[in-house]
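Position in the sequence shown (from 1) plus 2 gives the number in the numbering used here. Just so it is clear, CB atoms sit at the ideal spot from N, CA and C, and this is done for glycine as well. For reference, the structure discussed in these notes is given below.
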Amino acid sequence: MPPYALPIWEEPREKSSDARARGVRGGREGPERFYRTGPGPPAPMSALLEVKDVVTAYGKIEALKGVSLQVEQGSITCLLGPNGAGKTTLMMTTAGILRPRSGSIRFAGKEIAGAAPHRIVELGAALVPENRLVFPSMTVLENLQAGAYQRNDRGGIDEDIERLFERFPRLKERAAQHGGTLSGGEQQMLSVARALMSRPKLMLMDEPSLGLAPLVVEEIFRIIAQLHKDGTTIFLVEQNAHMALTVAHHFYLIEQGKVTFSGDPGSLAEDEVIRRAYLGSAKA
Ligand code: ATP
């Protein structure tokens, strides 16, 4: 992708026969259709994000107890784990919202552990936070403009908004509506679109499917697959392990602040991944 080309996501749904011709698993229905679809970007070559021995604490409580993992350039890497495992803490630490007590976080070859959030956005990592967190009393348009706060290329910003509106017609229809009046799925789209306004190399997505209806979840995963196809590296936190495994190239399991397993889909039986993602390995 050229350095300042906004990714294009969402494309017309293809016929199942076309999908089969391309070797995509599954038919029109079911999550299988997201499964690492299409030619996508070139094979992963190097780590875009390297987290090493990161400890993050809330007061005396260590939520991350020495987490190490890598997100390869061009991959969709998923972080799975039960409630309270430390997934959101890792996303917030990577995005600079929480400062780690120790450890290293390298993004695109630069140390970012403890850097300010705006600096991390400038370097090319954008957070799509848990629960969307759109600005409820700002319009859709203003939310998008806010996503470009670190840019000063007025013309480019306007062009990107136009392209986003083409890709998300529902956001265009609601451009003048306050963010807080949108449905959950629309807010999630807005949250993704707002993050894209910074033209990120890496999207940190924290539970984008949380609280959404199954059809909307499918739409969100279609958007994730398309974002990846257009060249964005994705680090995805999900509780919905089944859906996550339909798009992931690589996944990590985190339990009680520690990475307990890392593998490619298929390296651990899906049932086992899902069980551990929801319950942790200690609770059979
Ligand atoms: P969930 O899936 O429920 O969002 P998670 O894997 O994202 O869980 P975190 O939210 O990162 O987990 O929480 C990790 C640990 O840190 C938990 O024990 C949680 O109770 C604790 N924790 C999270 N936020 C705070 C906070 N603001 N103050 C104190 N402890 C916190």
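Query	Result
Residues near L276 in its chain [Cβ-Cβ closer than 7 Å; skip 5 each side]	Position check: residue 276 holds Ile in this sequence, whereas Leu was assumed. Excluding sequence neighbours, I276 sits near A243 and H244.
Contact shell at 5 Å, judged by CB to any heavy atom of the ligand ATP, ordered along the chain	Y60, A65, N85, G86, A87, G88, K89, T90 and T91
Pick from L125, V57 and M199 that is closest to L100, judged by C-alpha positions	V57
Where the beta strand (DSSP E) containing L212 begins and where it ends	Segment: none, L212 is in no beta strand (DSSP E) and carries neither H nor E.
Buried/exposed call for V89, threshold 16 Cβ in 10 Å	The sequence shown places Lys at residue 89, not Val. By the neighbour-count rule (16 or more Cβ atoms within 10 Å), K89 is buried.
Bridge partners - Q72, DSSP secondary structure assignment	E52
First through last residue of the beta strand (DSSP E) which encompasses T141	No beta strand (DSSP E) holds T141; DSSP gives it neither H nor E.
Identity of the residue in Y151, Q152, N154 and L143 nearest F170 by Cα	L143
Check whether F109 and L51 have beta carbons under 8 Å apart	yes
Under the three-state DSSP convention, the category I159 falls into	helix
Inter-residue Cα distance where the pair is I10 and A115	Model confidence at I10 stands at a pLDDT of 37, short of 50, so the residue's coordinates are unreliable and nothing is read from them.
Limits of the beta strand (DSSP E) - the one that L81 falls within	I78 to L82
Spatial neighbours of K174 in its chain, beta-carbon cut-off 6 Å, leaving aside the 5 residues before and after	F167
Spatial distance of A117 from R224 (CA atoms)	32 Å
Exposed unless 16 or more other CB atoms sit within 10 angstroms - verdict on T183	exposed
Contact set for E240: own chain, Cβ-Cβ below 7 Å, skip 5 residues either direction	C80, L82, E209, S211 and A246
Strand pairing of D273, partner residues [DSSP]	DSSP lists no partner for D273.
Under the three-state DSSP convention, the category E240 falls into	strand
Beta carbon of L206 nearer than 8 Å to that of L129	yes
Which of helix, strand or coil DSSP assigns to G25	Because the pLDDT of G25 is 32, which lies under 50, any placement of that residue in the model is unreliable, and the number read from its coordinates should be weighed accordingly. Correct three-state label for G25: coil.
Own chain, CB closer than 6 Å to R22, minus 5 neighbours either side, in chain order	Its pLDDT being 36, under 50, R22 is placed unreliably in this model, and the value from its coordinates should be taken loosely. Here the set comprises nothing.
Rounded separation between D55 and E64 - CA only	13 Å
Reference I226, options I122, E257 and A197, closest by Cα	A197
6 Å Cβ shell around R24 - same chain, five flanking residues per side excluded	Any reading at R24 is ruled out, since the residue's pLDDT is 35, under 50, leaving its predicted position unreliable.
Q75 classed as buried or exposed, judged by whether at least 16 other C-beta atoms fall within 10 angstroms	buried
Three-state secondary structure (DSSP) of I122	helix
Contact check, M191 vs R165, beta carbons under 8 Å	no
Closest by C-alpha distance to D232, when choosing among R201, A178 and V69	R201
Contact belief for A87 with I256 at Cβ below 8 Å, rounded distance in angstroms	5 Å
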